[in-house]
Amino acid sequence: MAKVIGIDLGTTFSAVAVMEAGEPVIIPNAEGGRITPSVVAVSKSGERLAGQVAKRQAITNPENTIFSIKRLMGRKFDEPTVEYDR
9 MAKVIGIDLG TTFSAVAVME AGEPVIIPNA EGGRITPSVV AVSKSGERLA GQVAKRQAIT
69 NPENTIFSIK RLMGRKFDEP TVEYDR
(Lines of atoms letter the chains of each structure in order from A and count residues from 1; the text may use other names and numbers.)
(Lines give C-alpha, C1' and ligand atoms only; values in the text may rest on other atoms or scores of the structure.)
Protein backbone atom coordinates (compact mmCIF):
# COMPACT_ATOMS: atom_id res chain seq x y z
CA MET A 1 0.00 0.00 0.00
CA ALA A 2 1.19 3.53 -0.80
CA LYS A 3 2.28 5.75 2.06
CA VAL A 4 0.49 8.98 2.88
CA ILE A 5 2.59 12.06 3.57
CA GLY A 6 1.29 15.17 5.30
CA ILE A 7 2.95 18.57 5.11
CA ASP A 8 2.33 21.27 7.70
CA LEU A 9 3.43 24.41 5.86
CA GLY A 10 3.73 27.05 8.53
CA THR A 11 4.65 30.70 8.18
CA THR A 12 7.71 30.27 10.40
CA PHE A 13 8.30 26.51 10.58
CA SER A 14 7.16 23.47 8.59
CA ALA A 15 6.95 19.76 9.33
CA VAL A 16 6.44 16.57 7.32
CA ALA A 17 4.90 13.34 8.58
CA VAL A 18 4.11 9.91 7.16
CA MET A 19 1.36 7.55 8.30
CA GLU A 20 2.73 4.31 9.76
CA ALA A 21 0.35 1.73 11.27
CA GLY A 22 -2.39 4.36 11.36
CA GLU A 23 -0.31 6.89 13.30
CA PRO A 24 1.50 9.99 12.01
CA VAL A 25 5.28 9.87 12.40
CA ILE A 26 7.26 13.08 11.95
CA ILE A 27 10.07 12.78 9.40
CA PRO A 28 13.16 14.46 10.87
CA ASN A 29 15.06 16.99 8.79
CA ALA A 30 18.73 16.62 7.81
CA GLU A 31 19.79 18.00 11.20
CA GLY A 32 17.51 15.62 13.12
CA GLY A 33 14.90 18.23 14.06
CA ARG A 34 11.13 17.69 13.96
CA ILE A 35 10.45 21.13 12.49
CA THR A 36 12.25 23.02 9.74
CA PRO A 37 12.37 26.80 9.24
CA SER A 38 10.12 27.84 6.33
CA VAL A 39 12.99 29.54 4.52
CA VAL A 40 14.48 28.90 1.07
CA ALA A 41 17.38 30.60 -0.66
CA VAL A 42 19.81 30.51 -3.53
CA SER A 43 23.40 30.94 -2.36
CA LYS A 44 25.81 33.31 -4.05
CA SER A 45 27.32 30.27 -5.81
CA GLY A 46 23.87 29.21 -7.12
CA GLU A 47 23.22 26.37 -4.66
CA ARG A 48 19.58 25.87 -3.59
CA LEU A 49 19.14 25.94 0.18
CA ALA A 50 16.20 25.14 2.45
CA GLY A 51 15.46 25.17 6.16
CA GLN A 52 18.07 25.97 8.78
CA VAL A 53 20.89 26.31 6.23
CA ALA A 54 18.89 28.92 4.30
CA LYS A 55 17.97 30.75 7.50
CA ARG A 56 21.59 30.91 8.68
CA GLN A 57 22.80 32.63 5.50
CA ALA A 58 19.89 35.09 5.26
CA ILE A 59 21.76 37.92 6.99
CA THR A 60 24.54 37.87 4.38
CA ASN A 61 22.33 37.07 1.36
CA PRO A 62 18.93 38.73 1.97
CA GLU A 63 18.22 39.46 -1.70
CA ASN A 64 18.20 35.73 -2.52
CA THR A 65 16.39 34.48 0.60
CA ILE A 66 12.65 33.93 0.84
CA PHE A 67 10.75 33.62 4.13
CA SER A 68 7.18 34.20 5.38
CA ILE A 69 5.93 33.29 1.90
CA LYS A 70 2.84 31.44 3.13
CA ARG A 71 0.72 34.59 3.46
CA LEU A 72 1.61 35.62 -0.10
CA MET A 73 0.89 32.28 -1.78
CA GLY A 74 -1.78 32.54 -4.45
CA ARG A 75 -1.28 36.27 -4.91
CA LYS A 76 -0.04 37.97 -8.05
CA PHE A 77 3.52 39.31 -8.00
CA ASP A 78 2.32 42.85 -8.80
CA GLU A 79 -0.43 43.05 -6.14
CA PRO A 80 0.02 46.02 -3.79
CA THR A 81 0.31 43.73 -0.74
CA VAL A 82 3.07 41.72 -2.39
CA GLU A 83 4.87 44.80 -3.67
CA TYR A 84 4.79 46.34 -0.18
CA ASP A 85 6.33 43.22 1.36
CA ARG A 86 9.13 43.01 -1.20
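Using the working numbering, the first residue of the sequence shown is number 9, and each one after it goes up by one. Each residue gets a CB set at the ideal place from its N, CA and C atoms; glycine is no exception.
For A10, the three-state secondary structure derived from DSSP is coil. With 16 or more other CB atoms across the displayed protein chains lying within 10 angstroms of its CB, P45 is buried.
Nearest to G41 by C-alpha distance, out of R83, R56, F21, is F21. Residue state for E71 is assigned as helix, using DSSP reduced to three classes. DSSP places R64 inside the alpha helix (DSSP H), whose first and last residues are 60-65.
Residue burial is scored here from C-beta neighbours: G59 has at least 16 other C-beta atoms within 10 angstroms and is therefore classed as buried. In the DSSP assignment, P36 falls outside any beta strand (DSSP E), carrying neither H nor E.
For E87, the three-state secondary structure derived from DSSP is coil.
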